[in-house]
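S.K.: In this note's numbering, the protein residues as written are 5 to 252. Ideal Cβ positions, reconstructed from N, Cα and C, are used throughout, including at glycine. Keep in mind it's a predicted model, so treat the numbers as computed, not measured. Have a look at the structure that comes next, please.
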């Protein structure tokens, strides 16, 4: 019976994402597993330079931590992202989130798997950032869950487990400033399962200020998680600690 349901879920995902033989940004035909055509690949920024030691965002100065991590309390232990949130990657993520192009999750999952292997990330359970039932119904799927499912398929490991519920409707984070984002998410997530001593891998599509990931990690640790490592497709570059100090 377990195999039946696994195959049924795989068939459903394939119906949503029938092929990855086209560029996930512009739709042109591609002939390799990179997911981007030659032109769009020129717009891709890989997050493979110096990064914040905690949240993994790209850094360009001498600091070890970005402005957020230098001044704010984080409940997650690390965060990794294979891409920076710009150019072709940004367009492809927006197509996944709002354009119902679920194929993109399948391609991005391969990059997530590579990122985890490259950074030697250890975990016991894979989970994902949840949506409210209303939001999921409107979109048709939870893109974070799709990413997690394809990631587990790629890694050939157990399927992701839903450990979190989003219990409060919130405004879209991208419409808010930093302070509003924090307030917007207070009390929005609860963990539903005891996690005594478990190391959790938490998957989402984008890390901006990290407020969503932070509140999810907080909820997971309240239930006893030993560690929470976050994995997102892309991260948005943040101000450095020095830039924030100059603004104060």
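Alpha carbon to alpha carbon, how far is residue 61 from residue 88?
M.R.: Looking up residue 61 in the chain shown gives position 57. Looking up residue 88 in the chain shown gives position 84. The alpha-carbon atoms of residue 61 and residue 88 are separated by roughly 8 Å.
S.K.: Check whether the Cβ atoms of residue 131 and residue 166 sit closer than 9 Å, and answer yes or no.
M.R.: Sequence index remark: in the chain shown, residue 131 carries index 127 (1-based). Sequence index remark: in the chain shown, residue 166 carries index 162 (1-based). Taking 9 Å as the Cβ cut-off, residue 131 and residue 166 qualify as a contacting pair.
S.K.: Is residue 241 helix, strand or coil when you go by DSSP?
M.R.: Working through the chain shown from its first residue, we reach residue 241 at position 237. Residue state, collapsed to three classes: coil.
S.K.: Could you give the distance in angstroms between the alpha-carbon of residue 186 and the alpha-carbon of residue 37?
M.R.: Within the chain shown, the letter at position 182 stands for residue 186. Within the chain shown, the letter at position 33 stands for residue 37. The straight-line gap from Cα to Cα measures roughly 38 Å.
S.K.: Excluding the 5 residues preceding and the 5 following residue 41 in the sequence, name in chain order all residues of the same chain whose CB lies nearer than 7 Å to its CB.
M.R.: In the chain shown, counting from the first residue as 1, residue 41 sits at position 37. Correct list, in chain order: 27, 30, 32, 34.
S.K.: Ends of the alpha helix (DSSP H) at residue 256?
M.R.: In the structure as shown, the chain starts at 5 and stops at 252, and residue 256 therefore has no counterpart that could be examined.
S.K.: Check whether the Cβ atoms of residue 253 and residue 97 sit closer than 9 Å, and answer yes or no.
M.R.: An answer regarding residue 253 cannot be provided, because it is not within the stretch 5 to 252 covered by the chain.
S.K.: Roughly how many angstroms lie between the CA atoms of residue 194 and residue 223, to the nearest whole one?
M.R.: Counting from 1 along the chain shown, the entry for residue 194 is found at position 190. Counting from 1 along the chain shown, the entry for residue 223 is found at position 219. Rounded to the nearest angstrom, the two C-alpha atoms are 5 Å apart.
S.K.: Pick from 226, 225, 207, 196: whose alpha carbon is nearest that of residue 234?
M.R.: Numbered from its first residue, the chain shown carries residue 234 at position 230. Per the Cα distances, 207.
S.K.: What is the residue span of the alpha helix (DSSP H) that residue 220 lies within?
M.R.: As a first step, residue 220 must be located in the chain shown, where it is residue number 216. Where residue 220 is concerned, the enclosing alpha helix (DSSP H) stretches over 215–226.
S.K.: Please state if the CB of residue 90 and the CB of residue 47 are separated by a distance shorter than 9 Å.
M.R.: As a working mapping, residue 47 is identified with position 43 in the chain shown. As a working mapping, residue 90 is identified with position 86 in the chain shown. Yes.
S.K.: For residue 231, write down the residues that DSSP places opposite it in a beta bridge.
M.R.: Start at 1 with the first residue of the chain shown, and residue 231 comes out as number 227. The partner list for residue 231 (beta bridge, DSSP) reads 203.
S.K.: Compare the beta carbon distance of residue 79 and residue 232 with 9 Å and say whether it is the shorter of the two.
M.R.: Here residue 79 refers to the residue found at position 75 when the chain shown is read from its first residue. Here residue 232 refers to the residue found at position 228 when the chain shown is read from its first residue. Result yes, Cβ atoms of residue 79 and residue 232 sit closer than 9 Å.
S.K.: To which residues does DSSP link residue 87 through a beta bridge?
M.R.: One-based indexing of the chain shown puts residue 87 at position 83. 50, 238, per the DSSP bridge assignment.
S.K.: Under 9 Å between the Cβ atoms of residue 151 and residue 205?
M.R.: Stepping through the chain shown from its first residue, residue 151 is reached at position 147. Stepping through the chain shown from its first residue, residue 205 is reached at position 201. Contact flag unset, no.
S.K.: Hey, residue 106 and residue 142: beta-carbon distance below 9 Å or not?
M.R.: The residue you call residue 106 lines up with position 102 of the chain shown. The residue you call residue 142 lines up with position 138 of the chain shown. The answer is no: Cβ separation not under 9 Å.
S.K.: Flag this pair as yes or no: are the beta carbons of residue 59 and residue 228 separated by less than 9 Å?
M.R.: Along the chain shown, read from residue 1 onward, the residue named residue 59 stands at position 55. Along the chain shown, read from residue 1 onward, the residue named residue 228 stands at position 224. No, Cβ-Cβ distance for residue 59 and residue 228 is not below 9 Å.
S.K.: Name the residue from 52, 155, 69 whose alpha carbon lies nearest to the alpha carbon of residue 110.
M.R.: Counting from one through the chain shown, the residue named residue 110 turns up at place 106. Ranking 52, 155, 69 by Cα distance to residue 110 puts 155 first.
S.K.: With a 10 Å radius around its C-beta and 16 neighbouring C-beta atoms as the bar for buried, classify residue 191 as buried or exposed.
M.R.: Within the chain shown, residue 191 is the residue found at index 187, counting from 1. When all chains shown are included, residue 191 counts as exposed.
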